[in-house]
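Okay, structure first, notes after.
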């Protein structure tokens, strides 16, 4: 049980800066997820906390103690690795008890603790198996048992579910949440999968390019993203974006115009704006009463429909001249999700409205959010 | 390549069957080889294998033959048959003739064991650094290690011999006269250093292949970097460690150059096993049969070691390069 604090942490590998001036406070008992695209510096951040790499600048505190210069073994942390990293030449018992044996606990206590840890992750009766004889999920549970058996102050989990198949991953997700509740320990979790970040965390820290973008509870990151990057990264499928400009009458872009009073939203005409709207905040014009405050209608053509069972993703083209972008959603394309019962066909011309209460405006040049609801 | 796969087979079979060709035995044999290369490969394999077995095993057989022949009948030794049967010579090596052969064996064995342990320890540290860490000047240092391993041992002999014959006061509590001459250290130190580069290269290759995650896990669990090396990385590189160890042991055990020159050659002065074998040369007669028996006894430890470790050695020698 301990808080973790990063103070002005910078890590550079030669000229490559992996993490720059990071300040992060992780509270005691919190489940915090570091999330971001691969190569954004989230793993480096975790390795810095674990002590596997030394920060180039800045300090790390665990439970108020400056651990910047301490080796990993003296930091009171335990870690679960992406590639599981069980010692292949040791059986399950030896793997789990490795840390305790190194710390010279007496035999009885080791046995008792290993037994308890095995019980938590349901590994009873597998003590003399070798890692090679176990399934991926079992190995992952051994790795977790190895981490919890030492009763560390802080758990570090570096993409622990990445190598598991989809079904097992979802199962382990709930297991981990239960584990967090039982152990009541600080957990720092690294993932690039925003679904894991959203579902398990108390707070998520979104990192891009070595910089901390936002640290907030998952729903805050989803509903009120501070940065353009956070808005585009959190949420699946991703938010629709339109790049345009602030004008006297509101927002103007190549494909859509939204009218509002710029002054009421702290926007000066001429400013470069990016408008973002989540797929669930786009409605068909005929269902406009479902929106809190519909905008005026926008014409579009249905390009592709993706029935998912419980909903349908409709990809729209906002202009006849727009070519469907093969590398993801581009300018002039719009995604919305609809009820599967909706009567809609590919190639059909339709009209849509946005919910003005859920339109996000960003300053394009600074990437900073201006408002999450147009006044 | 099997017979049926050979594209020209049908055509060439027809050629074989042409009876009117007037060929000699050798010519016909050559023609068959050309039409069916698999036969050529197979016979080449057998020729090479038999050649190798004969050149390595026949001397050993001859040694056994000589050893079994009583010393008076040594002129009776034939090409393939011994001149008599006297298995008691293997016991006499130790009991008769006044040569403490067991002490010579022990000297070589101990020196080899200590050198092997030393080499494995130092080469592990070096292999870890070269194999797993990135630092400036790494390639230059590796090259230096490689170059040193190419130096002929004789190049080091004179300075080392002078050094080991010098009396150092600091060594006086340990060594009677304060010099290393006539002590096992005078052999262990230069020999370990000379055979270190090979082990460094073997272990470097193996250690570099152990995933970083395992080392990180060990360090988080409570070891230092060195602890992780000896508790996780080295055990997982067992074939490499076994290969380096066995190669070092064999080379040091068979070593004669330093072992004979850094000691007086007497058993109590840490003379090596080879000095022991040569000790059966008297002023007036050379006991070839006893020397033969001593040689065979001296080979046994190495033979046993190789048989015990052969699985690991084979996988160690082949794995290293392939498992990138």
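Residue numbers (my numbering), protein chains in the order written: chain W, 9 to 383; chain Z, 2 to 325. Built from N, CA and C at the ideal position, the CB exists for glycine as well.
Span separating the alpha-carbon of residue i from that of residue j
i, j, result
"residue 199 of chain W", "residue 233 of chain W", "19 Å"
"residue 272 of chain Z", "residue 52 of chain W", "57 Å"
"residue 365 of chain W", "residue 320 of chain W", "23 Å"
"residue 257 of chain Z", "residue 290 of chain Z", "21 Å"
"residue 167 of chain W", "residue 128 of chain W", "20 Å"
"residue 135 of chain Z", "residue 23 of chain W", "15 Å"
"residue 375 of chain W", "residue 229 of chain W", "15 Å"
"residue 241 of chain Z", "residue 95 of chain Z", "36 Å"
"residue 83 of chain W", "residue 131 of chain W", "27 Å"
"residue 50 of chain W", "residue 75 of chain W", "19 Å"
"residue 321 of chain Z", "residue 219 of chain Z", "Unreliable placement is indicated for residue 321 of chain Z, whose pLDDT of 44 sits below 50; the coordinate value is still reported in the next sentence. So the alpha carbons of these two residues sit roughly 23 Å apart."
"residue 80 of chain Z", "residue 110 of chain Z", "34 Å"
"residue 267 of chain Z", "residue 221 of chain Z", "53 Å"
"residue 104 of chain W", "residue 197 of chain Z", "36 Å"
"residue 124 of chain W", "residue 187 of chain W", "13 Å"
"residue 97 of chain Z", "residue 210 of chain Z", "53 Å"
"residue 247 of chain Z", "residue 306 of chain Z", "7 Å"
"residue 182 of chain Z", "residue 119 of chain Z", "20 Å"
"residue 354 of chain W", "residue 312 of chain W", "6 Å"
"residue 163 of chain W", "residue 13 of chain W", "14 Å"
"residue 237 of chain W", "residue 221 of chain W", "8 Å"
"residue 281 of chain Z", "residue 274 of chain Z", "12 Å"
"residue 232 of chain Z", "residue 238 of chain Z", "11 Å"
"residue 59 of chain Z", "residue 26 of chain Z", "31 Å"
Element boundaries [alpha helix (DSSP H), containing residue i]
i, result
"residue 252 of chain W", "First-last for residue 252 of chain W: 248 to 255, but that is the beta strand (DSSP E), not the alpha helix (DSSP H)."
"residue 277 of chain Z", "274 to 279"
"residue 274 of chain W", "From DSSP, residue 274 of chain W is part of no alpha helix (DSSP H); its letter is neither H nor E."
"residue 228 of chain Z", "226 to 229"
"residue 207 of chain W", "202 to 208"
"residue 101 of chain W", "100 to 110"
"residue 144 of chain W", "144 to 156"
"residue 132 of chain Z", "102 to 133"
"residue 254 of chain Z", "239 to 255"
"residue 53 of chain W", "50 to 58"
"residue 137 of chain Z", "Careful: residue 137 of chain Z lies outside any alpha helix (DSSP H) and carries neither H nor E."
"residue 61 of chain W", "First-last for residue 61 of chain W: undefined, no H or E at that position."
"residue 184 of chain W", "174 to 191"
Range of the contiguous beta strand (DSSP E) that encloses residue i
i, result
"residue 222 of chain W", "219 to 224"
"residue 315 of chain W", "306 to 315"
"residue 29 of chain W", "24 to 34"
"residue 369 of chain W", "367 to 371"
"residue 379 of chain W", "376 to 379"
"residue 47 of chain Z", "No beta strand (DSSP E) contains residue 47 of chain Z, which is instead part of the alpha helix (DSSP H) from 38 to 69."
Per DSSP, the bridge partner or partners of residue i
i, result
"residue 293 of chain W", "Beta-bridge pairing links residue 293 of chain W to no other residue."
"residue 359 of chain W", "W/307"
"residue 21 of chain W", "W/24"
"residue 323 of chain W", "W/312, W/343"
"residue 86 of chain W", "W/163"
"residue 213 of chain W", "W/42, W/223"
"residue 259 of chain W", "W/254, W/266"
"residue 351 of chain W", "DSSP lists no partner for residue 351 of chain W."
"residue 15 of chain W", "W/67"
"residue 197 of chain W", "W/41, W/165"
"residue 220 of chain Z", "Partner(s): none; residue 220 of chain Z has no beta bridge."
"residue 282 of chain Z", "Z/287"
"residue 284 of chain W", "W/249, W/368"
"residue 114 of chain W", "Answer is none; residue 114 of chain W lacks a bridge partner."
"residue 73 of chain W", "W/70"
"residue 302 of chain W", "W/363"
8 Å contact criterion, which residue i and residue j should meet: CB distance rounded
i, j, result
"residue 138 of chain W", "residue 181 of chain W", "Between residue 181 of chain W and residue 138 of chain W the Cβ distance is about 27 Å, and since that is not below 8 Å, they are no contact."
"residue 157 of chain Z", "residue 191 of chain Z", "6 Å"
"residue 194 of chain W", "residue 58 of chain W", "Not quite, the Cβ-Cβ distance comes to about 13 Å (not below 8 Å), so this is no contact."
"residue 310 of chain W", "residue 356 of chain W", "5 Å"
*Mind listing which residues of the stretch 193 to 208 of chain W have their C-beta closer than 8 Å to chain Z's C-betas, in chain order?*
Within the stretch 193 to 208 of chain W, not one residue has a Cβ closer than 8 Å to any Cβ of chain Z.
*Using a Cβ-Cβ cut-off of less than 7 Å, give me the residues of the stretch 210 to 235 of chain Z that come near chain W, in sequence order.*
212, 214, 215, 217, 218, 220, 221, 222, 223, 224, 225, 233
_Beta carbons nearer than 8 Å to chain W: which residues of the stretch 145 to 167 of chain Z have them?_
none
_Taking beta-carbon pairs under 9 Å, can you tell me which members of the stretch 233 to 264 of chain W lie near chain Z?_
none
*Below 7 Å between beta carbons is the criterion; list the residues of the stretch 57 to 88 of chain W that meet it against any residue of chain Z, in chain order.*
58, 60, 79, 80, 81, 85, 86, 87
*With 9 Å as the C-beta to C-beta threshold (strictly closer), list the residues of the stretch 139 to 159 of chain W near chain Z in chain order.*
151, 154, 155, 158
*Determine which residues of the stretch 103 to 120 of chain W have a Cβ less than 7 Å from any Cβ of chain Z, and write them out in chain order.*
Within the stretch 103 to 120 of chain W, those residues whose Cβ lies closer than 7 Å to any Cβ of chain Z are, in chain order, 106, 107, 110, 111.
*asked:* To be precise: take each residue of the stretch 269 to 280 of chain W, compare its Cβ to all Cβ atoms of chain Z, and keep it if any distance is under 8 Å. Which residues remain?
replied: none
*Which of the residues in the stretch 161 to 174 of chain W, read from start to end, lie with their CB under 7 Å from any CB of chain Z?*
Residues passing the 7 Å Cβ filter: none.
*Of the residues that make up the stretch 358 to 374 of chain W, which ones have a beta carbon closer than 8 Å to any beta carbon in chain Z?*
none
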